[in-house]
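Chemist: Before I ask anything, let me first share the structure, which is written out below as structure tokens.
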């Protein structure tokens, strides 16, 4: 009896998703050494945005923190509509070469590409790209084997994202209870989660943030106030200002939310989700302040996790610009002036500036997710 080592055994290990993609790439290169890069982009159907997510090309990433509307990528949109892969064996003659993402790939020296749409139970959720520095390499014979790897990688990504979806579904169920009682609306979560992603993307260069970290901030940010489930109605729904005792009870929602998240992770067996500490930090620390006067721990400055600082700015901006039964919505300009006053004292200055620098994109998000009380 001879021994054989599984070339894809790393996919069975508890490891970050990106490491698994790199491992699959190394295995694939043993048969097809011309494949120099594998990358994944995922799709947000609500905004029609396609976003870079993961790649296997070490530090040589031609599309860091990149996103575009699927309408700005007509050839990819056509793949989505047909559900078929695409082979480009000579990028120099590719008709869609005027697009920014295509130009960046070309400037990096890639000469050929193979694009495979990813579907989960018939629902499109992204693309896998195989790139090569050599042209005319994606032959029909090669593609028959590459397709197998593509579907394995797709299933690996689905498994990771499905775990997050399971968590989100569990929290959404409880969140529906919260929002039945809380004056905030579901559209608040749609907006603030996308504000959070904009802020994180703008800070990517300064803080060396990966695409997958940024995307997890987007996916986890709607869960920030889960602890409000535990706040009594007479406090949560009070139209006027809370007294000191009521304020103290309201402030417990951050720590209670942290405990709830840990219980959900245990009960659903989801403790091994990548970046799960980012979720914990968001829930627990999004009310901490730069000056140390926040709660529940009173930490300050850089001791506050970056993801919590990002969510704080996104959450406060949307609260200011949204109407409530007890207040009118502020204009964007009014809210921005308030954020500037809070920057460096209550809120992180980098995060505030990142939101302000993206005000046109903020307006687009506000238009897509208009406030409602349904």
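Numbering (the numbering used here), first residue to last: 10 to 383.
C-beta atoms are modelled at their ideal positions from N, C-alpha and C, and glycine is treated no differently.
1. With burial defined as no fewer than 16 other Cβ atoms inside 10 Å of the residue's Cβ, what is the status of residue 78: buried or exposed?
2. Please classify residue 336 as buried or exposed, where buried requires at least 16 other C-beta atoms within 10 Å of its C-beta.
3. Grab me the residues of residue 146's own chain with a C-beta within less than 6 Å of its C-beta, minus the 5 sequence neighbours each way, in chain order.
4. Rounded C-beta distance between residue 220 and residue 119? I'm assuming under 8 Å.
5. Going by DSSP in three states, residue 142 sits in which element: helix, strand or coil?
6. What are the start and end residues of the alpha helix (DSSP H) that includes residue 254?
7. Quick one: is residue 116 buried, meaning 16 or more other Cβ sit within 10 Å of its Cβ, or exposed?
8. Taking its Cβ as the centre, do 16 or more other Cβ atoms sit within 10 Å of residue 135, making it buried, or is it exposed?
9. Residue range of the beta strand (DSSP E) that residue 366 falls in?
10. Beta-carbon within less than 7 Å of residue 173's beta-carbon, same chain only, minus the 5 sequence neighbours each way: which residues are those?
11. Confirm the yes/no value for this check: CB of residue 224, any heavy atom of the ligand NAP, distance under 7 Å.
12. Tell me which residue opens and which closes the alpha helix (DSSP H) that residue 320 is part of.
13. Helix, strand or coil for residue 202? Go by DSSP, reduced to three states.
14. With a CB to CB cut of under 6 Å and the five nearest residues on each side skipped, what residues in its chain are close to residue 290?
15. Would residue 76 be called buried (16 or more neighbouring beta carbons within 10 Å of its own) or exposed?
16. Which residues share a DSSP beta bridge with residue 239?
17. Leaving out the 5 sequence neighbours to the left and right, which residues in its chain are closer than 6 Å to residue 199 when beta-carbon positions are compared?
18. Which term fits residue 383, buried or exposed, when burial requires 16 or more other beta carbons within 10 angstroms of its beta carbon?
19. Among the residues of its own chain, which have a CB less than 6 Å from the CB of residue 24, if the five just before and after it don't count?
20. On the CB-based measure, 16 or more other CB atoms within 10 Å of its CB, does residue 332 come out buried or exposed?
21. Which residues does DSSP pair with residue 44 in a beta bridge?
22. In this structure, does DSSP put residue 373 in helix, strand or coil?
23. Please return the same chain residues whose Cβ sits closer than 8 Å to the Cβ of residue 226, not counting the five positions on each side in sequence.
24. Return the chain-ordered ranges of every alpha helix (DSSP H) run that is complete within the segment 47–116 and spans a minimum of 4 residues.
25. What number of angstroms, rounded off, separates the C-alpha of residue 192 from the C-alpha of residue 244?
26. Touching or not, the segment 338–358 and the segment 297–313, by the rule of three or more beta carbon pairs under 8 Å?
27. Where does residue 126 fall in DSSP's three states?
28. Can the beta-carbon of residue 280 be found less than 8 Å from the beta-carbon of residue 298?
29. My guess is that residue 125 and residue 159 are in contact by the Cβ rule of under 8 Å, so how many angstroms apart are they, rounded?
30. Is the Cβ-Cβ distance between residue 137 and residue 47 less than 8 Å?
31. Reducing DSSP to helix, strand and coil, say where residue 135 ends up.
32. Quick check on DSSP: helix, strand or coil for residue 24?
33. Within the same chain, show all residues whose beta-carbon is closer than 8 Å to that of residue 353, passing over the 5 residues directly before and after it, in chain order.
34. List the endpoints of the continuous alpha helix (DSSP H) containing residue 298.
35. According to the neighbour-count rule (16 or more other Cβ atoms, all chains shown, within 10 Å of its Cβ), is residue 368 buried or exposed?
36. With 16 other CB atoms within 10 Å as the buried threshold, where does residue 248 fall?
Modeler: For this structure:
1. Along the chain shown, read from residue 1 onward, the residue named residue 78 stands at position 69. Here residue 78 is exposed, its C-beta having fewer than 16 other C-beta atoms within 10 Å.
2. Taking the chain shown and counting its residues from 1, the one referred to as residue 336 is at position 327. By the neighbour-count rule (16 or more Cβ atoms within 10 Å), residue 336 is not buried but exposed.
3. Locating residue 146 in the chain shown gives position 137, counting from the first residue. Within the same chain, 43, 121 come within 6 Å of residue 146 by CB-CB distance, once the 5 residues on both sides are set aside.
4. Within the chain shown, residue 220 is the residue found at index 211, counting from 1. Within the chain shown, residue 119 is the residue found at index 110, counting from 1. For a cut-off of 8 Å, the C-beta gap from residue 220 to residue 119 is around 18 Å, too long to register as a contact.
5. Counted from its first residue, the chain shown places residue 142 at position 133. In this structure, residue 142 counts as coil in the three-state DSSP scheme.
6. By one-based count along the chain shown, residue 254 stands at place 245. It spans 253–259 - the alpha helix (DSSP H) in which residue 254 sits, taken as one unbroken run.
7. As a working note, residue 116 is residue 107 in the chain shown. Result: exposed.
8. Locating residue 135 in the chain shown gives position 126, where the first residue counts as 1. Residue 135 should be labelled buried.
9. The residue given as residue 366 occupies position 357 in the chain shown. Counting along the chain, residue 366 falls outside any beta strand (DSSP E), though it belongs to the alpha helix (DSSP H) covering 358–366.
10. Indexing the chain shown from 1 puts residue 173 at position 164. These residues qualify, in order along the chain: 228, 282.
11. With respect to the ligand NAP, the structure offers nothing, as it holds no ligand at all.
12. Here residue 320 refers to the residue found at position 311 of the chain shown. If you look at residue 320, you'll find it in the alpha helix (DSSP H) that goes 315–329.
13. As a position in the chain shown, residue 202 is number 193, starting the count at 1. Shown here, residue 202 sits in a helix according to DSSP, grouped into three states.
14. Start at 1 with the first residue of the chain shown, and residue 290 comes out as number 281. Taking residue 290 as the centre and dropping the five residues before and after it, the same chain places the C-beta of 314, 316, 317 closer than 6 Å to its C-beta, in chain order.
15. Numbered from its first residue, the chain shown carries residue 76 at position 67. By the beta-carbon neighbour count (other beta carbons within 10 angstroms, threshold 16), residue 76 is buried.
16. Residue mapping note: residue 239 aligns to position 230 of the chain shown, counting from 1. According to DSSP, which records beta bridges pairwise, residue 239 is partnered with nothing at all.
17. The count along the chain shown starts at 1 and reaches residue 199 at position 190. Excluding positions up to five away in sequence, the list reads 378.
18. Within the chain shown, residue 383 is the residue found at index 374, counting from 1. Legend: pLDDT at residue 383 = 41, less than 50; position of this residue unreliable, no value from coordinates given.
19. Mapped onto the chain shown, residue 24 falls at position 15. Closer than 6 Å at Cβ, skipping near neighbours: no residue.
20. Stepping through the chain shown from its first residue, residue 332 is reached at position 323. That one is exposed.
21. Within the chain shown, the letter at position 35 stands for residue 44. Bridge partners of residue 44: 141.
22. As a position in the chain shown, residue 373 is number 364, starting the count at 1. Three-state DSSP puts residue 373 in a helix.
23. Position 217 of the chain shown holds residue 226. The answer, listed in chain order, is 205, 206, 209, 287, 291, 316, 319, 320.
24. The segment 47–116 contains these whole alpha helix (DSSP H) runs: 83–91, 109–116.
25. As a working mapping, residue 192 is identified with position 183 in the chain shown. As a working mapping, residue 244 is identified with position 235 in the chain shown. Low confidence applies to residue 192: its pLDDT is 48, below 50, so where it sits in the model is not reliable enough to give any reading.
26. When C-beta atoms of the segment 338–358 are compared with those of the segment 297–313, three or more pairs fall below 8 Å, so the two segments count as touching.
27. Here residue 126 corresponds to residue number 117 of the chain shown, with the count starting at 1. It is a strand residue.
28. In the chain shown, residue 280 corresponds to position 271, counting from 1. In the chain shown, residue 298 corresponds to position 289, counting from 1. No, they are not a contact pair.
29. Position 116 of the chain shown, counted from the start, is the residue given in the question as residue 125. Position 150 of the chain shown, counted from the start, is the residue given in the question as residue 159. Indeed, because the Cβ distance is near 4 Å, the residues count as touching under 8 Å.
30. Within the chain shown, residue 137 is the residue found at index 128, counting from 1. Within the chain shown, residue 47 is the residue found at index 38, counting from 1. Yes.
31. In the chain shown, residue 135 corresponds to position 126, counting from 1. DSSP places residue 135 in strand when its eight states are reduced to three.
32. Mapped onto the chain shown, residue 24 falls at position 15. Three-state DSSP puts residue 24 in coil, outside helix and strand.
33. Position 344 of the chain shown, counting from 1, holds the residue named residue 353. Closer than 8 Å at Cβ, skipping near neighbours: 299.
34. As a working note, residue 298 is residue 289 in the chain shown. Per DSSP, residue 298 belongs to no alpha helix (DSSP H) and is neither H nor E.
35. The sequence position of residue 368 within the chain shown is 359, counting from 1. By the C-beta density criterion, residue 368 is exposed, having fewer than 16 other C-beta atoms within 10 angstroms.
36. Numbered from 1 along the chain shown, position 239 holds the residue referred to as residue 248. When all chains shown are included, residue 248 counts as exposed.
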